[in-house]
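Numbering (our numbering), first residue to last: 1 to 117. Ideal Cβ placement from N, Cα and C applies to all residues, glycine included. Input: a single structure, listed below in structure tokens.
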């Protein structure tokens, strides 16, 4: 059974840091691109960062220089290190695993990140 389980969300003050984790099971983790997306109620889900199976990374302009995506294939876990958090980073963050151009596309249940003083 395929599972993606996010953790690490919570309430943090502006300027603070959080690290999100995404633990995977039920598929060959190393073959998949891993992405972090976020969604604010009433708005479209947006891509935050992605790491390919090769390890190459890409980021949304809004988080470049502040967020870092990484993966540990041995632990079947992806991470999103978020520094210098801003109130506009407040959203539900979702983990995604996919193999491009195939139907293999999985989502986690999401974890809430709230940046507020």
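Spell out whether any CB of chain C is found under 7 Å from the CB atom of residue i.
{"i": "residue 70", "result": "Absence of chain C from the displayed structure is noted, only one protein chain being present."}
Just verifying my parser: in three-state terms, what is the DSSP assignment at residue i?
{"i": "residue 61", "result": "coil"}
{"i": "residue 27", "result": "coil"}
Assuming residue i contacts residue j under a Cβ cut-off of 8 Å, what Cβ separation, rounded to an integer in Å, is found between them?
{"i": "residue 80", "j": "residue 36", "result": "5 Å"}
For residue i, which of the options has the nearest alpha-carbon?
{"i": "residue 98", "options": "1, 50, 12", "result": "50"}
{"i": "residue 22", "options": "109, 65, 12, 116", "result": "109"}
{"i": "residue 58", "options": "39, 33, 106", "result": "33"}
{"i": "residue 19", "options": "64, 61, 83", "result": "83"}
{"i": "residue 15", "options": "85, 96, 102", "result": "85"}
Short of 7 Å in beta carbon distance, which residues of its chain neighbour residue i, apart from the five on each side in sequence? Order them along the chain.
{"i": "residue 1", "result": "26"}
{"i": "residue 30", "result": "53, 73"}
Among the residues of its own chain, which have a CB less than 8 Å from the CB of residue i, if the five just before and after it don't count?
{"i": "residue 90", "result": "40, 113, 114, 115, 116"}
{"i": "residue 77", "result": "21, 22, 23, 24, 71"}
Looking only at its chain, what residues have a beta carbon closer than 6 Å to the beta carbon of residue i, apart from the 5 residues adjacent to it on each side?
{"i": "residue 66", "result": "83, 84"}
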